[in-house]
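Residue numbers for the sequence shown follow our numbering, beginning at 3 and rising by one. Think of the CB as a built atom: it goes at the ideal place given N, C-alpha and C, for glycine as much as any other residue. What follows is a set of notes on a single structure, which appears directly below.
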Amino acid sequence: MRWNKNNVINLVTKSNHLPAPIKPPSPEIYRLPNPPPKLPETSIPPTLTLSPSPKHSNFVNFLENNLPHHQTLTPQTLLGFLRSKLRHHSLFAHYDFAVFNWAATLDTFRHDHDSFLWMSRSLAATHRFDDLYRLLSFIAANPCPCSSGIFSCPQLELIFRSAIDAYCRAGKMDYALSAFDTMKRLIDGKPNIEVYNTVVNGYVKCGDMDKALRFYQRMGKERAKPDVCTFNILINGYCRSFKFDLALDLFREMKERGCEPNVVSFNTLIRGFLSRGNIEEGIKMAYEMIELGCRFSEASCEILVDGLCREGRVSDACGLVIDLSNKRVLPNEFDYGSLVEKLCGENKADRAMEMVEELWKKGQSPCLIACTTLVEGLRKSGRTEKASGFMEKMMNAGVLPDSVTFNLLLRDLCNSDHSIDANRLRLLASSKGYEPDETTYHVLVSGFTKEGRRKEGEVLVNEMLDKDMLPDIFTYNRLMDSLSCAKFSRKQVRLL
3 MRWNKNNVIN
13 LVTKSNHLPA
23 PIKPPSPEIY
33 RLPNPPPKLP
43 ETSIPPTLTL
53 SPSPKHSNFV
63 NFLENNLPHH
73 QTLTPQTLLG
83 FLRSKLRHHS
93 LFAHYDFAVF
103 NWAATLDTFR
113 HDHDSFLWMS
123 RSLAATHRFD
133 DLYRLLSFIA
143 ANPCPCSSGI
153 FSCPQLELIF
163 RSAIDAYCRA
173 GKMDYALSAF
183 DTMKRLIDGK
193 PNIEVYNTVV
203 NGYVKCGDMD
213 KALRFYQRMG
223 KERAKPDVCT
233 FNILINGYCR
243 SFKFDLALDL
253 FREMKERGCE
263 PNVVSFNTLI
273 RGFLSRGNIE
283 EGIKMAYEMI
293 ELGCRFSEAS
303 CEILVDGLCR
313 EGRVSDACGL
323 VIDLSNKRVL
333 PNEFDYGSLV
343 EKLCGENKAD
353 RAMEMVEELW
363 KKGQSPCLIA
373 CTTLVEGLRK
383 SGRTEKASGF
393 MEKMMNAGVL
403 PDSVTFNLLL
413 RDLCNSDHSI
423 DANRLRLLAS
433 SKGYEPDETT
443 YHVLVSGFTK
453 EGRRKEGEVL
463 VNEMLDKDML
473 PDIFTYNRLM
483 DSLSCAKFSR
493 KQVRLL
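Dropping the structure here:
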């Protein structure tokens, strides 16, 4: 096929010359107050002239080299060109709809549902919503070749569904509703409930609960049975618009209609209770959720713990987590590191340690952040021995500390005349794969010097020399001299 000047001009200027949009009849049960805005009349781009520009010439060459001859063009070969060639081109990718429209004008060519679906998704992904509306109108006027007799294309709902979802995400609800009504008229049978939910969710995200509720009522009139997702969307909408009583009414209606609430239903209401300060009601609903056999999720725990902590009830949050663990409903994925941090921040490191050890016994292993936070909390509250014991336990479990936390704990042990215990922690850490740094050795050498433990200190200084941790021989001699100058051992000091 030969691409000349007229080919390019017609291709670009007539890219939107599709059949006029078909305005679907407005259902009697639901009339749209504001129909979709009238699309602007297409006109020749101001930069287009009768003489093709260098860009147009390049486009001609691109088409000649990559697009099959028009007499052999099929939906599959066109789709291959659009997907693999044009889509990734930095200059010509936006001409995909123009090429699509040009193909529709060929006598020997007819689009099918694959090309319709790809074009619909491409226009939606690039936010070309006016062109998407034109495409849907074209599809309505030009049925897919697989439509036989009175039956419609089985892929028609999927094509429209992707467009409806894009319109809802962009907040273009008039377009979404028009597309929904057109789809409903064209397909065989009732739309899938997921498509109804998409429209309801679109209204909720736009903050228009009145229209969301009207569309929900329309579902009932059209015998479309709402599912748990439908109710969750509306419950969330009521909670977001501070109409919590209506959310509870809908929750009750949901159960009366035989629709079992799921974890999303409960989480939404629990969050609503806690945001209003109704802590006890929120906790009560959490236990109701457990009694009904609904799986307690990580998000459920985070909502409850965060809500209690915001009200200053950190200890209650701790007790709740332990109780959930005792009932064996606490999710393994739940990270209680933030709760440990809040307890330590309120100078309740002992309580935090009780919680961590209780959960650890039940198989809820703490993360590294929870462990280091607890060690820091114990250390800062003067409970150095407890911090040391917990550090030993976590390392035996394969949880290695960061160097800052480790060295600070060793420093506190050395300052309290427990350098031997500090060095024992170093040896344990080394056996577990932890690499002590220069600070670790300097802290321990200083501790041994202070306690008059010359022999132990010299062993460490020699280790530092072997590991190239000493910059020069003068530093080595200075450390050795400091150990030698310790006049009295701890026993001698007590005798004096």
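Shown here, I292 sits in a helix according to DSSP, grouped into three states.
A residue is called buried once 16 or more other Cβ atoms fall within 10 Å of its Cβ, and I475, having fewer, is exposed. Around the C-beta of Q78, fewer than 16 other C-beta atoms lie within 10 Å, and the residue is accordingly described as exposed. Shown here, F99 sits in a helix according to DSSP, grouped into three states. For secondary structure counted as the beta strand (DSSP E) over 3 or more consecutive residues, the stretch 253–305 holds no complete run. Residue range F131 to A143 is occupied by the alpha helix (DSSP H) that includes F131. Taken through DSSP and simplified to helix, strand or coil, Q219 comes out as helix.
With fewer than 16 other Cβ atoms from the protein chains shown falling within 10 Å of its own Cβ, N67 counts as exposed. In the structure shown, the three-state DSSP call for D439 is coil. For R225, the three-state secondary structure derived from DSSP is coil. C-alpha of S390 to C-alpha of M355: approximately 12 Å in a straight line. In the DSSP annotation of this structure, C146 is not part of any alpha helix (DSSP H), being labelled neither H nor E. Closest in C-alpha terms to D98, from the list T74, L125, T76 and H115, comes L125.
Between the alpha carbons of F64 and K227 lies a distance of about 51 Å. Shown here for A249: same chain residues with a beta carbon closer than 7 Å to its own, the five before and five after excluded, namely I237, Y240, C241, L271 and G274 in chain order. For N203 against I235, the beta-carbon gap comes to about 5 Å, under 8 Å, which counts as contact. Following the DSSP letters along the chain, one finds M396 inside the alpha helix (DSSP H) bounded by residues T386 to N398.
Judged by DSSP secondary structure, P77 falls within the alpha helix (DSSP H) whose first and last residues are P77 to F83. The beta carbon of V266 sits closer than 7 Å to the beta carbons of N234 from its chain, once the five residues preceding and following it are set aside; these are given in chain order. Going by C-alpha positions, L380 is about 6 Å away from A351. Counted as a single uninterrupted DSSP element, the alpha helix (DSSP H) harbouring R480 occupies residues I475 to S486. Linking L326 to C311 through their CA atoms gives a straight-line distance of about 17 Å. A straight line joining the alpha-carbon of E465 with that of E437 spans about 13 Å. Residue state for V401 is assigned as coil, using DSSP reduced to three classes. Spatial neighbours of N425 in its own chain (CB-CB distance under 6 Å, excluding positions within 5 residues in sequence) are listed in chain order as L446. Looking at the backbone, the Cα of E387 and that of T374 are separated by about 15 Å. For the pair M471 and E440, the Cα-to-Cα distance works out to about 6 Å. In the DSSP assignment, C231 falls within the alpha helix (DSSP H) that extends over V230 to R242.
Comparing alpha carbon positions, the residue from S433, K452 and T407 closest to T442 is T407. For I189, there is no enclosing alpha helix (DSSP H), as DSSP gives it neither H nor E. In the same chain as D229, and ignoring 5 residues on each side of it, the C-beta atoms closer than 6 Å to its own belong to I195, in chain order. With a cutoff of 9 Å on beta-carbon distance, Q73 and D116 are scored as not near each other.
Under the 10 Å beta carbon count, L84 is surrounded by 16 or more other beta carbons and is classified as buried.
Within its own chain, the residues whose Cβ lies closer than 7 Å to the Cβ of G309, once the five positions on either side in sequence are excluded, are L276, I281 and G284, listed in chain order.
Assigned with DSSP and collapsed to three states, R456 falls in helix.
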